[in-house]
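A.B. asks: The listed protein sequences derive, respectively, from chains A and B.
If you read the first sequence in the working numbering, its first letter stands for residue 3, the second for the next number, and so on.
If you read the second sequence in the working numbering, its first letter stands for residue 33, the second for the next number, and so on.
We put the CB at the ideal spot given by N, CA and C, even for glycine.
Before we start, here is the structure in question, set down as structure tokens.
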Amino acid sequence: MDWLADGYGLVLRAFLLTIELGVVAGVFSMLLGVLLAAARVGPVAVLAKAAATYVLVFRNTPLLMVFVFVFVALPKVDIPQLSFFAKGVLALTLYTSAFVCEAVRSGVNSVPLGQAEAARAVGLTFGQTMQEVVLPQAMRAALPPLASVLIALMKNTSVAAAFGLIEATARMRFFTNDNADVRTVIFLVFAIGYVVIVELMSAGAFTLERRWRVAR
Amino acid sequence: MTAGVLFDAPGPRTRARHRVYTVLASVVLLVVAALVVWRLAEAGQFAYDLWEPFVTPVYMKALLVDGLLKTLQMAFTAVTLAVVFGVLFGVGKLSDRGWVRWPCTIVVEFFRAVPVLLLMIFIFFSYGIGDGFGSYWSVVIALTLYNGAVLAEVFRAGIEAVPHGQSEAAYALGMRKTQVMTSILLPQGVKIMLPAIISQCVVALKDTSLGYYILAPGLTAVGKQIYGEFQNQLQTAIVVSALYIACNLVLTAVATWVQHRLVGERRQLEVGGLGLPAQTGEAGGAGHGHP
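See the structure below:
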């Protein structure tokens, strides 16, 4: 385990970058995804169509191709260039927001029509209907799919390894290069790092889900 | 527009306001599109030279045969193997014996939590490189392990979705556990699982692109060669992505059709993140494979 004794700082820094990518891209994906979902369920047909097209395109394009667009194709168009980290976040956000949009939309669609009708019937305004009746229920329904989208995002940050960001996956590649004899151990250490992150996220989602559950 | 859960049926004033929004939104979208087109034109990205490879038979053939066909082959092989892996481990997770159940659960959870690329890099540089089995099989094996683990979860959920009365009745008739599984539960479960399995093909197909990192054959490899030669990165990326999107749309359409055919309006089986219970997605939401 000499490699780990010498390099644990590098391992930690790599996982820190993985988490940073995941968190920053996660926040932006949530913002963009919620906006897209609002456009998709809103009353303006043009916006709904535009958001639907966005989701269709980005859900069916491999994440790697999105990275190719951002890292390889964008420099060909003469616009100010972003840092590597910002590019990674951009690619992950473009891709993940399409899935966030679908998760949020399915949450909104899962609220029974009668709920909103009843809210209107007792005289709540649009704002009250949203705030007191529709959104709380939609949020609960959207939580499990959102959690799996964000977990997938955390795992997807590994694609950035192919584009020069030294996060956990790229770091594993360097370590296995230099310590070929203990490859399997190195792989297991990094894999378990990911497993821990993912299990923590899913435990968090599970707790939230239980706390928010309503008896029906 | 009829009243939905979000909005009441609009009256004349609301409709007028929506028309204003529509015009505004259209203008904004058009301006954005125009800016993009203008930027691309400024950068000379519409030059015929850059697009020429995609109407040249030699390169078209390379893209379709060495690229698309290889990619589809990889995805198909991986999904086929993943189904076998998934059945074994999915049934294993349902076993009554702890010494079968626990290892299966650990293996499935492990491969679901580890990024495919990490797996792929490890497999390639440990067993694939040099005299090993090469980059093609490294991609296939990595995809098999990941998708197999996801499918194991799908199978488990699908089998558990078969009503309890079915297995109880089978036991009452004196069937053995294996018989109950193979002649009662699996045949009925498959109907529920099939759309989810096809959706998983979309995920596998998209993930074949990760072979880019280990120089595996496929669409991304051919694309890399083409833009290396012509310096048409943007155009190649557009064409390659379009090919992926087209394949995925076909798969999604098949999944939706199978869903309506076999399961009717029932919601599609969907397996959430780790540790989260399997849940049902919206009806017809086929192709919502997790990213």
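Does ASN30 (chain B) have its Cβ less than 7 Å from a Cβ in chain A?
C.D. replies: This structure gives no information on residue 30 (chain B), because the portion of chain B shown stretches from 33 to 323.
A.B. asks: Can you find a CB in chain A that lies within less than 7 Å of the CB of GLU314 (chain B)?
C.D. replies: Numbered from 1 along the second sequence, position 282 holds the residue referred to as residue 314 (chain B). Because GLU314 (chain B) sits at a pLDDT of 35, beneath the cut-off of 50, its placement in the model cannot be relied upon, and the point is left open.
A.B. asks: Please classify LEU66 (chain A): is it buried, with 16 or more other beta-carbons within 10 angstroms of its beta-carbon, or exposed?
C.D. replies: Sequence index remark: in the first sequence, residue 66 (chain A) carries index 64 (1-based). LEU66 (chain A) should be labelled buried.
A.B. asks: Nearest CA to the CA of GLY109 (chain A): which residue from A:LEU167, A:ASP183, A:GLU22 and A:VAL43?
C.D. replies: Counting from one through the first sequence, the residue named residue 109 (chain A) turns up at place 107. Closest option to GLY109 (chain A), Cα to Cα, is A:VAL43.
A.B. asks: Going along the chain, which residues of its own chain have a beta-carbon closer than 7 Å to the beta-carbon of LEU49 (chain A), five neighbours each way excluded?
C.D. replies: Here residue 49 (chain A) corresponds to residue number 47 of the first sequence, with the count starting at 1. Excluding positions up to five away in sequence, the list reads ALA41.
A.B. asks: Any Cβ of chain A within less than 7 Å of the Cβ of TYR91 (chain B)?
C.D. replies: In the second sequence, the residue the question calls residue 91 (chain B) occupies position 59. False, the Cβ-Cβ gap to chain A never drops below 7 Å.
A.B. asks: Can you list the residues of chain B that ILE127 (chain A) reaches, using a CB-CB cut of under 9 Å?
C.D. replies: Start at 1 with the first residue of the first sequence, and residue 127 (chain A) comes out as number 125. As written in the sequence, residue 127 (chain A) is Thr, which differs from the Ile given in the question. By Cβ distance, chain B contributes nothing, its closest Cβ being about 11 Å from THR127 (chain A), past 9 Å.
A.B. asks: Please classify ILE216 (chain B) as buried or exposed, where buried requires at least 16 neighbouring CB atoms within 10 angstroms.
C.D. replies: Within the second sequence, numbered from 1, the residue matching residue 216 (chain B) stands at position 184. ILE216 (chain B) is buried by the Cβ-count criterion.
A.B. asks: What are the residues in the stretch 47 to 66 of chain B lying within 7 Å of chain A by C-beta distance?
C.D. replies: Here the close residues are HIS50, TYR53, THR54, ALA57, SER58 and LEU61.
A.B. asks: Kindly indicate if chain B contains any beta-carbon less than 7 Å away from that of ASN181 (chain A).
C.D. replies: Along the first sequence, read from residue 1 onward, the residue named residue 181 (chain A) stands at position 179. Taking Cβ atoms only, chain B never reaches closer than 7 Å to ASN181 (chain A), which makes this a no.
A.B. asks: Could you check the C-alpha separation between SER160 (chain A) and ALA248 (chain B) for me, to the nearest Å?
C.D. replies: Sequence index remark: in the first sequence, residue 160 (chain A) carries index 158 (1-based). Sequence index remark: in the second sequence, residue 248 (chain B) carries index 216 (1-based). C-alpha separation (whole angstroms): 18 Å.
A.B. asks: Tell me whether the beta-carbon of VAL36 (chain A) lies closer than 7 Å to the beta-carbon of VAL106 (chain A).
C.D. replies: Translated into the one-based positions of the first sequence, residue 36 (chain A) becomes position 34. Translated into the one-based positions of the first sequence, residue 106 (chain A) becomes position 104. Contact: yes.
A.B. asks: Is ASP4 (chain A) helix, strand or coil by DSSP?
C.D. replies: Start at 1 with the first residue of the first sequence, and residue 4 (chain A) comes out as number 2. Reduced to three states, the DSSP call for ASP4 (chain A) is helix.
A.B. asks: Can you tell me where the alpha helix (DSSP H) holding VAL146 (chain B) begins and where it ends?
C.D. replies: Here residue 146 (chain B) corresponds to residue number 114 of the second sequence, with the count starting at 1. Unbroken run through VAL146 (chain B): none, as it is neither H nor E.
A.B. asks: Would LEU100 (chain B) pass as a contact of LEU251 (chain B) if the rule is Cβ separation under 7 Å?
C.D. replies: Locating residue 100 (chain B) in the second sequence gives position 68, counting from the first residue. Locating residue 251 (chain B) in the second sequence gives position 219, counting from the first residue. Yes. Within cutoff.
A.B. asks: Is there at least one Cβ from chain A nearer than 7 Å to LEU149 (chain B)'s Cβ?
C.D. replies: As a working mapping, residue 149 (chain B) is identified with position 117 in the second sequence. Yes - at least one Cβ of chain A is within 7 Å of the one on LEU149 (chain B).
A.B. asks: Just checking: is the beta-carbon of PHE117 (chain B) within a distance shorter than 7 Å of some beta-carbon in chain A?
C.D. replies: Your numbering for residue 117 (chain B) matches position 85 in the second sequence. No, because no Cβ of chain A sits closer than 7 Å to the Cβ of PHE117 (chain B).
A.B. asks: Where does GLY195 (chain A) land, buried or exposed, given buried means 16+ other C-beta within 10 angstroms?
C.D. replies: Residue numbering aside, residue 195 (chain A) sits at position 193 when the first sequence is read from its first letter. The residue in question, GLY195 (chain A), is buried, as its Cβ has 16 or more Cβ neighbours within 10 Å.
A.B. asks: Taking only runs of the alpha helix (DSSP H) that begin and end inside the stretch 200 to 257 of chain B, which ones reach a length of at least 4 residues, in chain order?
C.D. replies: List check, alpha helix (DSSP H) in window: 218 to 239.
A.B. asks: Can you check whether the CB of ALA154 (chain A) is closer than 7 Å to the CB of TYR245 (chain B)?
C.D. replies: What you label residue 245 (chain B) is simply residue 213 of the second sequence in a count that begins at 1. What you label residue 154 (chain A) is simply residue 152 of the first sequence in a count that begins at 1. Not a contact, by the Cβ cut-off of 7 Å.
A.B. asks: Out of B:PHE86, B:GLY43 and B:TRP70, which has the shortest C-alpha to C-alpha gap to VAL272 (chain B)?
C.D. replies: Start at 1 with the first residue of the second sequence, and residue 272 (chain B) comes out as number 240. It is B:PHE86 whose Cα lies nearest to the Cα of VAL272 (chain B).
A.B. asks: Where THR1 (chain B) and PHE30 (chain A) are concerned, what is the direct C-alpha to C-alpha distance, given to the nearest angstrom?
C.D. replies: For residue 1 (chain B) there is no data in the structure shown, the boundaries of chain B being 33 and 323.
A.B. asks: Looking at C-beta atoms only, is the number of pairs between the stretch 162 to 181 of chain B and the stretch 224 to 239 of chain B that lie closer than 8 Å three or more?
C.D. replies: In short, these stretches touch, since the Cβ pair count reaches three.
A.B. asks: Just the chain B side, please: which residues come within less than 9 Å of MET141 (chain A) by C-beta, in chain order?
C.D. replies: Against the first sequence, residue 141 (chain A) aligns to sequence position 139. Ordered by position in chain B, no residue passes the 9 Å Cβ test against MET141 (chain A), which lies about 14 Å from the chain.
A.B. asks: For a contact defined as C-beta to C-beta under 7 Å, what are the partners of VAL272 (chain B) on chain A?
C.D. replies: Looking up residue 272 (chain B) in the second sequence gives position 240. Per Cβ cutoff of 7 Å: MET67.
A.B. asks: Smallest Cα separation from ARG15 (chain A): which of A:ALA172, A:SER204 and A:LEU190?
C.D. replies: Against the first sequence, residue 15 (chain A) aligns to sequence position 13. The candidate whose alpha carbon is nearest that of ARG15 (chain A) is A:ALA172.
A.B. asks: Assess, as a yes-or-no matter, whether the stretch 112 to 129 of chain A is touched by the stretch 53 to 64 of chain A under the definition of 3 or more beta carbon pairs within less than 8 Å.
C.D. replies: With the cut-off at 8 Å, the stretch 53 to 64 of chain A and the stretch 112 to 129 of chain A do not touch.
A.B. asks: Whole angstroms are fine: how far does the CA of ILE138 (chain B) sit from the CA of MET213 (chain B)?
C.D. replies: By one-based count along the second sequence, residue 213 (chain B) stands at place 181. By one-based count along the second sequence, residue 138 (chain B) stands at place 106. Cα-Cα distance, rounded: 22 Å.
A.B. asks: Out of A:MET174, A:ALA100, A:ALA118 and A:GLU201, point me to the one whose CA is closest to ALA140 (chain A)'s CA.
C.D. replies: The residue labelled residue 140 (chain A) in the question sits at position 138 within the first sequence. For ALA140 (chain A), the nearest C-alpha among the options comes from A:ALA118.
A.B. asks: Give the residues of chain A in contact with PRO42 (chain B), contact being defined as C-beta atoms less than 9 Å apart.
C.D. replies: Counting from one through the second sequence, the residue named residue 42 (chain B) turns up at place 10. What PRO42 (chain B) touches in chain A: PRO45.
A.B. asks: Residues in its own chain within less than 8 Å of ILE258 (chain B) by CB, not counting five upstream and five downstream?
C.D. replies: By 1-based counting over the second sequence, the position of residue 258 (chain B) is 226. PRO85, TYR91, ALA94, LEU95, ASN264 and THR268.
A.B. asks: Under a CB-based cut-off of 7 Å, is TYR276 (chain B) close to chain E?
C.D. replies: Of the chains in the structure shown, none is chain E; the protein chains are A and B.
A.B. asks: Run the CB neighbour count on LEU115 (chain A), radius 10 Å, all protein chains shown included, and call it buried at 16 or more, exposed below.
C.D. replies: In the first sequence, residue 115 (chain A) corresponds to position 113, counting from 1. LEU115 (chain A) is exposed by the Cβ-count criterion.
A.B. asks: What residues in its chain sit with their C-beta under 8 Å from that of LYS209 (chain B), if we drop five residues either side in the sequence?
C.D. replies: Within the second sequence, residue 209 (chain B) is the residue found at index 177, counting from 1. Around LYS209 (chain B): ASP128.
A.B. asks: Would DSSP call VAL198 (chain A) helix, strand or coil?
C.D. replies: The residue you call residue 198 (chain A) lines up with position 196 of the first sequence. VAL198 (chain A) falls in the helix class under three-state DSSP.
A.B. asks: Any beta-carbon of chain A closer than 7 Å to the one on ILE173 (chain B)?
C.D. replies: Locating residue 173 (chain B) in the second sequence gives position 141, where the first residue counts as 1. No, ILE173 (chain B) does not count as interfacial toward chain A.
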